[in-house]
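Student: First the structure, then my questions, so here it is.
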Amino acid sequence: MPTLHLVRHAKSSRDDAGLDDHDRPLAARGRKAATATARWMAENGISPELVLVSTARRCRETWSAMQSAFQARPEMLFEAGLYLASADELLERLRRVAGDCPEVMLIGHNPGLHDLSVGLAGQGGAAASGLVEKFPTVALCSLAVAGKSWARLGPGGARLIRFLRPADIAAE
C-alpha cells in the first residue's frame with residue numbers, strides 16, 4: 008500500500024513587503040520547525056522515495072532544511088505546477104506518480120494541501136485528528152493510499168495514518 012506524506016511549507020517571513028509571494032523566504036522559526044519535523048520523520052521510519060516540491064522559495068527552503076535528516080536520498084522534483092495548486096491539481100499530479108513508488112512526500116501550500124488531505128482521508132478520519140480545523144505550517148499529514156495504484160487515487164481513497172503539528176513534536 009503506497010504512503011503519501013503531505014507537508015505544508017514552514018513559516019515564511021513577511022519582513023520584505025516588496026517581495027513577490029513566490030519569493031518569500033523562511034523565517035528563522037520556520038527553518039527550526041522544518042528541521043525538527045524532518046528529524047521526527049526520520050526517527051519514526053518515514054523515508055520518501057520521491058519528494059515533490061513547489062517552486063516557491065519557502066517550499067524549496069523547507070525541503071533544504073529537511074533533507075539532511077533523511078539517510079536515503081530520495082528523488083526530488085521542484086515543480087512550478089504545485090505553487091498554490093488546488094486540491095484537484097495536486098490530486099492530478101499525484102495520479103502521475105509511478106505505480107511502483109511506495110512512499111511520496113509533497114511539500115506545498117494551503118488551501119490546496121489542506122483540502123486535499125481532508126478529501127483523501129474522508130471526514131471521519133480528518134475530523135478525529137483535528138485535520139479538518141487547520142493545517143498549520145510544517146505540519147505533516149501521512150496517508151495510506153488504498154490499493155496499489157497512484158493512478159486511482161481519489162476522494163476518500165486513503166486512510167489517515169497521522170496528523171502531526173510542530174506543537175506535537177515540541178511536546179514530546
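Residue 34 in our numbering sits at position 27 of the sequence shown; the count goes up by one each step and never skips. The beta-carbon is built from N, C-alpha and C at its ideal position, and this holds for glycine as well.
Take G88 as the anchor and find which of R80, W47 and L101 has the nearest alpha-carbon.
Tutor: Residue mapping note: residue 88 aligns to position 81 of the sequence shown, counting from 1. Among R80, W47 and L101, the Cα nearest to that of G88 is on L101.
Student: Along the beta strand (DSSP E) that carries S149, what are the first and last residues, could you check?
Tutor: Position 142 of the sequence shown, counting from 1, holds the residue named residue 149. First-last of the beta strand (DSSP E) with S149: L147 to V152.
Student: On the criterion of 16 or more Cβ atoms from any shown chain inside 10 Å, does T62 qualify as buried, or is it exposed?
Tutor: Here residue 62 is taken as the residue at index 55 of the sequence shown, counted from 1. The residue in question, T62, is exposed, as its Cβ has fewer than 16 Cβ neighbours within 10 Å.
Student: Applying the criterion that 16 or more other CB atoms from any shown protein chain within 10 Å of the CB defines a buried residue, is K141 buried or exposed?
Tutor: Here residue 141 refers to the residue found at position 134 when the sequence shown is read from its first residue. Classification for K141: exposed.
Student: Give the DSSP-derived three-state secondary structure of I176 in the structure shown.
Tutor: Reading the sequence shown from its first residue, position 169 is the one you call residue 176. Here I176 sits in helix by DSSP.
Student: So, with DSSP's three-state summary, where would you put V125?
Tutor: Here the question's residue 125 lines up with position 118 in the sequence shown. The answer is helix: DSSP assigns V125 an H, G or I state.
Student: From the DSSP secondary-structure annotation, give me the bridge partner or partners of E110.
Tutor: Sequence index remark: in the sequence shown, residue 110 carries index 103 (1-based). Bridge partners of E110: T10.
Student: Quick one: grab the DSSP three-state call for L97.
Tutor: Mapped onto the sequence shown, residue 97 falls at position 90. It is helical.
Student: Do V145 and P173 count as a contact pair if the criterion is CB distance below 8 Å?
Tutor: Stepping through the sequence shown from its first residue, residue 173 is reached at position 166. Stepping through the sequence shown from its first residue, residue 145 is reached at position 138. Against a cut-off of 8 Å, the Cβ pair of V145 and P173 comes out as a contact.
Student: CB-CB under 6 Å to M73, same chain, minus the five flanking residues each way: which ones, in chain order?
Tutor: Stepping through the sequence shown from its first residue, residue 73 is reached at position 66. So the list reads A41 and A45, once near-sequence residues are dropped.
Student: What does the alpha-carbon distance come out to for the pair R15 and N117?
Tutor: Here residue 15 refers to the residue found at position 8 of the sequence shown. Here residue 117 refers to the residue found at position 110 of the sequence shown. Roughly 7 Å separates the two Cα atoms.
Student: For E82 versus L57, is the C-beta distance shorter than 8 Å?
Tutor: Indexing the sequence shown from 1 puts residue 82 at position 75. Indexing the sequence shown from 1 puts residue 57 at position 50. Yes, these two residues count as a Cβ contact at 8 Å.
Student: Grab the span of the alpha helix (DSSP H) containing E56 for me, first residue to last.
Tutor: Within the sequence shown, the letter at position 49 stands for residue 56. Element bounds for E56: n/a, residue is neither H nor E.
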